[in-house]
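Remarks on the structure that follows.
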Amino acid sequence: MNVKLKMSKFSSWLQGLFRKPSPPIEARVALAMLSMTQEQELSCDEVHALIDQFAEMQTRGENPAHLFPLVQRHLDMCPECREEYEALLAALEINLL
Amino acid sequence: MPTLRDNESWLKDLRATSEQRDSALADLREILQRVLPRALSRWLSPETGHFDAFLDDVIQDTLLRVLDKLDSFEGRSQFTTWVYKIAIRIALNELRHRKWKEVSLDGLEESREADEMPSEQFKSNDPHPESALERKDALALVEKLLAEELTPRQRAIMTAIGIKGVPMDEVVRRMGTNRNALYKTMHDVRLKLKHRLKREGFDPEDLLDLFGN
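Each protein sequence line maps, in turn, to chains A and B. Numbering of the first sequence is given in this note's numbering, commencing with residue 4 and proceeding in unit increments. Numbering of the second sequence is given in this note's numbering, commencing with residue 18 and proceeding in unit increments.
Next up, the structure:
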């Protein structure tokens with residue numbers, strides 16, 4: 004392989020490293036978001052208002068998603084609320100010790 | 018050991034004056050000091066330097082917020098569970114901020130013009146949109162919808178949250194709004210895109226399948 008060809012390959016490899024997220028990724032993320040989008044969704048504050056009751060039901064071995072399907076749907080969509088819910092479950096587990 | 022209280026006793030003591038209230042606050046502080054380090058261990062190890070100072074700040078903010086919001090407690094859970102969720106939101110919000118505060122988020126801190134809709138050029142460039150759509154593949158269709166339906170700022174938000182993984186808390190901090198408002202705005206945007214996709218005769222799940230998801 005001559006030097007010019009090597010440099011050309013190296014150059015395209017280097018450009019690839021700094022390339023912005025390609026459109027397929029953006030389109031895919033958008034489609035993934037849309038596929039989970041429902042007409043009716045709870046906001047973060049509405050979920051926050053119910054999450055303590057939801058977590059206690061989960062800790063008691065009940066099925067809170069059955070009673071509050073919209074809360075469960077929001078937790079599936081929203082990473083921040085899901086993290087807060089998981090930390091709350093951990094707190095309740097400590098309480099049981 | 019903290020005094021055991023039911024919900025009613027917590028409320029009564031925290032609404033009382035001086036000694037009774039101070040005692041209840043001291044008990045809450047002790048409970049939070051015991052519970053929070055382990056509840057938050059996935060995000061911050063108690064071995065981390067400054068952990069104690071961080072915990073003290075979180076607990077202090079929590080107690081202030083609890084007193085401020087006492088009337089909004091509806092008794093749907095144990096009082097302490099209600100306090101935990103407040104403390105956890107404060108703690109994780111701060112940790113997210115610390116993690117992301119140095120990261121530049123293009124397109125989120127720009128002027129109001131960034132929130133205006135793109136010009137009509139996307140629509141007027143194509144003299145036969147129906148036939149053009151038939152020719153384009155799913156990717157081009159989604160690209161077209163994103164360009165036509167989203168403002169530059171909405172697109173920047175979607176990229177930040179969906180692709181870069183930036184927490185909503187950090188996005189709203191940069192934008193000077195709040196998480197609830199941002200979630201509602203993005204829900205409206207997602208619905209708008211979904212409806213438009215349906216009007217074009219497509220379903221997001223079917224298109225996702227084309228991408229091999």
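No residue lacks a Cβ here, since even glycine has one placed at the ideal position from N, Cα and C. Since the model is a prediction, treat every value here as computed from it, not as a measurement.
Linking B/T202 to B/S26 through their CA atoms gives a straight-line distance of about 40 Å.
Non-local C-beta neighbours of B/L156 in its own chain, meaning closer than 7 Å and more than five positions away in sequence, are absent. Within its own chain, the residues whose Cβ lies closer than 8 Å to the Cβ of A/L78, once the five positions on either side in sequence are excluded, are V50, C84, R85 and Y88, listed in chain order. Judged by DSSP secondary structure, B/F68 falls within the alpha helix (DSSP H) whose first and last residues are F68 to K86. Contact check for A/D55 against B/R93 passes: the beta carbons are separated by less than 9 Å. Residues of the same chain with a CB within less than 6 Å of the CB of A/P67, apart from the 5 flanking positions on each side, are F57, M60 and Q61 in chain order. Under the Cβ criterion of 9 Å, A/R76 is not counted among the residues facing chain B. With a 10 Å radius around the Cβ and a threshold of 16 neighbouring Cβ atoms, A/Q43 comes out exposed.
Against B/K116, chain A offers no close residue; the least beta-carbon distance is about 12 Å (beta-carbon pairs closer than 7 Å). When CB distances to chain B are screened at a threshold of 8 Å, the residues of the region 53-71 of chain A falling below it are L53, I54, D55, Q56, A58 and E59, in chain order. B/A43 and B/K102 have their alpha carbons spaced roughly 18 Å apart. Close partners of B/Q50 in chain A (Cβ separation under 8 Å) are lacking, with about 12 Å as the shortest Cβ gap. The Cβ atoms of B/M185 and A/M36 lie no closer than 9 Å to each other.
Rounded to the nearest whole angstrom, the CA to CA distance from A/G64 to B/G218 is 43 Å. When Cβ-Cβ separations below 9 Å define contact, A/L91 makes contact with chain B. By the C-beta density criterion, B/Q171 is buried, having at least 16 other C-beta atoms within 10 angstroms.
DSSP, read as helix, strand or coil, puts B/W99 in helix. B/L57 sits in coil when the DSSP states are folded into three classes, being neither helix nor strand.
With its beta carbon less than 9 Å from one in chain A, B/D186 belongs to the interface.
Excluding residues up to 5 positions away in sequence, L73 and H77 lie with their Cβ nearer than 6 Å to the Cβ of A/L45 in the same chain. Within chain B, the C-beta atoms nearer than 9 Å to that of A/D48 come from N195, R196, N197 and Y200, in chain order.
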